[in-house]
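Visitor: Numbers 301 to 751, taken from our numbering, label the letters of the sequence shown in order.
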Amino acid sequence: MFKSFNIRKKIYYLSDTIKRKNVSNHLKEINFILNNPESNKSKIIQKSNLNNILNHATNTTPFYKKFRNFDSILDFPVIKKLVIQDNFNEFQSYPHKDKNNFKVSTSGSTGVPFFLFQDEVKRNRNKADVLHFLKRSNYEVGHRLFYLGVRLNQKFSLKSLIQNVSLIDISKLTDKAIEDFLEKVAKDKNSNKILLGHVSAFETILKYLDRKNKDITNIKLNSIITNSEHLSVETKTKLENYFNTPALSRYSSEEAGIIAHQTIDSPDTFVVNHASYYIEVLNLNNNTPVKPGEIGRIVLTDLFNYAMPLIRYDTGDIAKTKVCDNGSIQFESVEGRKMDLVYDTQGNVLSSYVFNKIIYKHYKKIKQYQFIQQDKKEYEIKLNLQEDKFPFEKELISEVKEDFGKDANVNITYVNEIPPLASGKRRKVINNYNKNNSLINPALSKHESIT
301 MFKSFNIRKK IYYLSDTIKR KNVSNHLKEI NFILNNPESN KSKIIQKSNL
351 NNILNHATNT TPFYKKFRNF DSILDFPVIK KLVIQDNFNE FQSYPHKDKN
401 NFKVSTSGST GVPFFLFQDE VKRNRNKADV LHFLKRSNYE VGHRLFYLGV
451 RLNQKFSLKS LIQNVSLIDI SKLTDKAIED FLEKVAKDKN SNKILLGHVS
501 AFETILKYLD RKNKDITNIK LNSIITNSEH LSVETKTKLE NYFNTPALSR
551 YSSEEAGIIA HQTIDSPDTF VVNHASYYIE VLNLNNNTPV KPGEIGRIVL
601 TDLFNYAMPL IRYDTGDIAK TKVCDNGSIQ FESVEGRKMD LVYDTQGNVL
651 SSYVFNKIIY KHYKKIKQYQ FIQQDKKEYE IKLNLQEDKF PFEKELISEV
701 KEDFGKDANV NITYVNEIPP LASGKRRKVI NNYNKNNSLI NPALSKHESI
751 T
């Protein structure tokens with residue numbers, strides 16, 4: 301039953317038509333805008349979508365009502381999660397309050413548990429975004445998709461059958477669980493299949509493959525997509541070498557959806573989802589746009605959530621932009637959360653992935669690691685080892701001092717486990733000094749940041 305992915309594809313879009321969800325109509329618009337980013341038609345559609353959400357927000361929500369006479373989006377404040385949570389009812393659009401909205405929430409990886417409502421149009425737009433970027437990752441509706449997630453509902457469903465999705469629980473990735481998973485993928489008779497899941501799950505699988513010197517050339521994949529966490533160059537390279545397929549990173553959030561995505565035609569940079577969001581990348585210390593090649597805060601305006609409009613929402617993440625040959629803007633890198641930027645002993649901002657490169661040479665000896673800046677010159681490294689001893693303490697401390705300062709105080713702590721968050725993510729870099737000291741102070745002006 302449903303052996304052909306073409307049958308599954310037809311059933312999926314027939315269901316869309318019957319239920320009048322219009323995912324296919326959204327998909328056509330997304331395809332056009334992202335495939336023709338600099339065309340006049342694309343810009344007209346984007347401008348119309350932006351004006352529609354701004355007018356809707358100022359006419360139907362108490363929070364945005366005071367900006368009704370806006371001249372441009374720059375008249376709106378940059379907002380953060382706490383503002384939404386503290387003024388939750390004021391962000392809700394009154395025509396949508398009594399409708400069948402969907403509650404979405406994050407696990408609070410930034411220390412701020414967060415939820416909001418999305419309307420059905422927004423949900424359908426998200427589905428269309430997913431389909432667009434899956435296709436640009438060598439996937440079509442009906443192909444086999446192995447999804448590696450945390451505490452999944454494993455109950456059989458007609459939806460999973462039609463979409464040809466296999467759910468893999470990664471709560472306990474023991475050697476036996478990994479062996480069973482790899483065997484399941486290898487024996488799967490579908491000719492087109494991809495893997496999608498948390499970076500940390502793939503890192504655990506890679507460590508297993510390293511230790512066992514495992515040959516998996518019998519596994520044939522169209523691609524691997526990682527989500528939820530940063531995909532380092534080192535992990536990306538190892539995945540591609542082991543599985544002989546492209547490994548692509550998805551940058552998304554629970555409260556919004558897919559914001560940017562690496563694709564087959566853009567494997568090392570992120571295609572920004574300008575079709576569904578108005579994206580700004582702003583200076584770390586004020587709300588002016590950064591230049592290409594500079595690190596800045598990702599601030600988005602959701603063009604399709606009419607239930608709870610998000611205008612100039614500071615995601616808490618940072619990115620570096622680049623201008624492509626066709627004039628479109630992509631993310632050269634998504635560096636992670638601003639709160640987890642780290643600083644050298646002189647107060648200079650460093651990418652949180654500086655330490656990733658330092659620790660990589662010890663990859664085979666470490667199960668898990670965590671780098672914590674405790675104070676201006678105080679750094680802690682937590683290590684969960686594969687073996688009983690780690691004979692490279694002095695070398696590791698010396699390498700950290702090379703990047704962070706000769707006067708850095710570096711302590712290594714050995715632990716039996718670095719527990720994941722509820723989402724399954726493990727924070728590899730933490731800045732407690734940043735939490736206790738206001739190192740980044742957005743300037744308040746007409747473009748006021750509300751924190």
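Idealized CB from N, CA, C, for every residue including glycine.
(1) What are the boundary residues of the beta strand (DSSP E) that includes GLU580?
(2) Using the beta-carbon count (16 or more within 10 Å), is ARG612 buried or exposed?
(3) Please name the residue in LEU603, THR360, GLU687 whose C-alpha comes closest to that of ASN351.
(4) Between TYR542 and the ligand ZN, is there a pair consisting of the residue's CB and a ligand heavy atom that are separated by less than 7 Å?
(5) Across the region 428–435 and the region 323–331, are there enough close Cβ pairs to call them in contact, namely three or more that are closer than 8 Å?
(6) Taking the continuous beta strand (DSSP E) assigned at SER372, which residues delimit it?
(7) Count the other CB atoms, across all protein chains shown, that sit within 10 Å of the CB of SER372; report buried if there are 16 or more and exposed otherwise.
(8) In whole angstroms, what separates the C-alpha of ILE618 from that of GLU440?
(9) Looking at GLN686 and ILE672, is the spacing between their C-beta atoms short of 8 Å?
(10) Write down the C-beta distance between LEU482 and ILE524 rounded to the nearest angstrom, noting that I regard them as a contact closer than 8 Å.
(11) To the nearest angstrom, report how far apart GLU693 and TYR669 are at their CA atoms.
(12) How big is the Cα-Cα spacing for GLU534 and VAL700?
(13) Identify which residue in ASN585, LYS347, ILE468, VAL642 has its Cα closest to the Cα of GLU579.
(14) Alpha carbon to alpha carbon, how far is ASN586 from GLU717? Give it in angstroms, no decimals.
(15) Mind checking whether TYR577 and GLY497 have CB atoms under 8 Å apart?
(16) Among THR588, ILE595, GLU678, HIS574, which residue has its Cα nearest to the Cα of ILE344?
(17) The beta strand (DSSP E) with ILE559 in it runs from where to where?
(18) Fully enclosed by the region 348–387, which alpha helix (DSSP H) runs are 4 residues long or longer?
(19) By a C-beta neighbour count over all protein chains shown, 10 Å radius and 16 as the cutoff for buried, is ASP644 buried or exposed?
(20) Where THR588 and VAL378 are concerned, what is the direct C-alpha to C-alpha distance, given to the nearest angstrom?
(21) Once you ignore the five residues that flank SER628 on each side, which residues in its own chain have a CB closer than 7 Å to its CB?
(22) Give me the DSSP bridge partner(s) of SER500.
(23) For GLY411, count neighbouring Cβ atoms within 10 angstroms of its own Cβ and tell me buried if that reaches 16, exposed if not.
(24) Could you give the residue range of the alpha helix (DSSP H) that holds GLU699?
(25) Give me whichever residues DSSP pairs with LYS403 in a beta bridge.
Guide: Considering the structure as presented:
(1) Per DSSP, the continuous beta strand (DSSP E) segment holding GLU580 begins and ends at 577–582.
(2) Here ARG612 is buried: its Cβ has 16 or more other Cβ atoms, across all protein chains shown, within 10 Å.
(3) Per the Cα distances, LEU603.
(4) The ligand ZN is not part of the structure shown, which contains no ligands of any sort.
(5) Result yes; three or more Cβ-Cβ pairs closer than 8 Å.
(6) Careful: SER372 lies outside any beta strand (DSSP E) and carries neither H nor E.
(7) Exposed.
(8) Their Cα atoms are separated by approximately 31 Å.
(9) Contact: no.
(10) With 8 Å as the limit, LEU482 and ILE524 do not qualify as a contact, their Cβ atoms being about 13 Å apart.
(11) Each residue's alpha carbon lies about 14 Å from the other.
(12) Taking the straight line joining both Cα atoms gives about 18 Å.
(13) The identity of residue 579 in the sequence shown is Ile, whereas the question assumes Glu. The shortest C-alpha separation from ILE579 is found at LYS347.
(14) So the two alpha carbons sit approximately 38 Å from each other.
(15) GLY497 sits away from TYR577, with the two beta carbons spaced by 8 Å or more.
(16) When C-alpha distances from ILE344 are compared across THR588, ILE595, GLU678, HIS574, the shortest belongs to HIS574.
(17) Under the DSSP assignment, ILE559 falls in the beta strand (DSSP E) whose first and last residues are 557–563.
(18) Runs found: 381–386.
(19) It counts as buried.
(20) Rounded to the nearest angstrom, the two C-alpha atoms are 11 Å apart.
(21) Within the same chain, Cβ atoms closer than 7 Å to the Cβ of SER628 are found at PRO337, GLU338, the five residues on either side in sequence being excluded.
(22) Beta-bridge pairing links SER500 to no other residue.
(23) For GLY411, the predicted structure reports a pLDDT of 46, less than 50, and the residue's modelled location is therefore unreliable. A value from the coordinates is still provided. Exposed is the call here.
(24) 693–704 is the extent of the alpha helix (DSSP H) around GLU699.
(25) For LYS403, the beta-bridge partners assigned by DSSP are PHE417.
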